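What follows is a single structure, written as structure tokens, with notes after it.
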Amino acid sequence: MTDSYKVSYSVDALDDLREIYAYIADELLVPETAVAQLERIRKEVLSLDFMPARYALVGWEPWHSMKMHQFPVDN
Numbered sequence: 001m002t003d004s005y006k007v008s009y010s011v012d013a014l015d016d017l018r019e020i021y022a023y024i025a026d027e028l029l030v031p032e033t034a035v036a037q038l039e040r041i042r043k044e045v046l047s048l049d050f051m052p053a054r055y056a057l058v059g060w061e062p063w064h065s066m067k068m069h070q071f072p073v074d075n
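Sequential numbering of the sequence shown, starting at 1, is according to the working numbering.
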């Protein structure tokens, strides 16, 4: 049996997602791209429920001690 993990967003992460959307939709004027980018990010975040250790731990506290992982999306 494989381990499954609960994936949740921090308040800061949700704010970051809003800012990403606003920048792409409002500044670059491509709302369809903003929606697609957020969908790609959310898909990757949800994939962290299985084998999150395949991504590096963040380097800052308190998240490092909480074993929070980070990953690139379209980078």
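Built from N, CA and C at the ideal position, the CB exists for glycine as well. Note that this is a predicted model, so its numbers are computed, not measured.
CB of residue i within 8 Å of CB of residue j, strictly
i   : j   : result
V58 : V7  : no
H69 : L38 : no
S4  : F50 : yes
Cβ shell of residue i (< 8 Å), same chain only, five flanking positions each side left out
i   : result
D74 : Q37, R40
Same chain, Cβ closer than 6 Å to residue i, five either side skipped, listed in chain order
i   : result
T33 : I24
Residue i: first and last residue of the uninterrupted alpha helix (DSSP H) it sits in
i   : result
R18 : 11-22
L46 : 31-46
Best match in the options for proximity to residue i [C-alpha to C-alpha]
i   : options       : result
A56 : L14, K67, D16 : K67
Cβ neighbours of residue i in the same chain (closer than 7 Å, five flanking residues each side left out)
i   : result
F71 : E44, Y55
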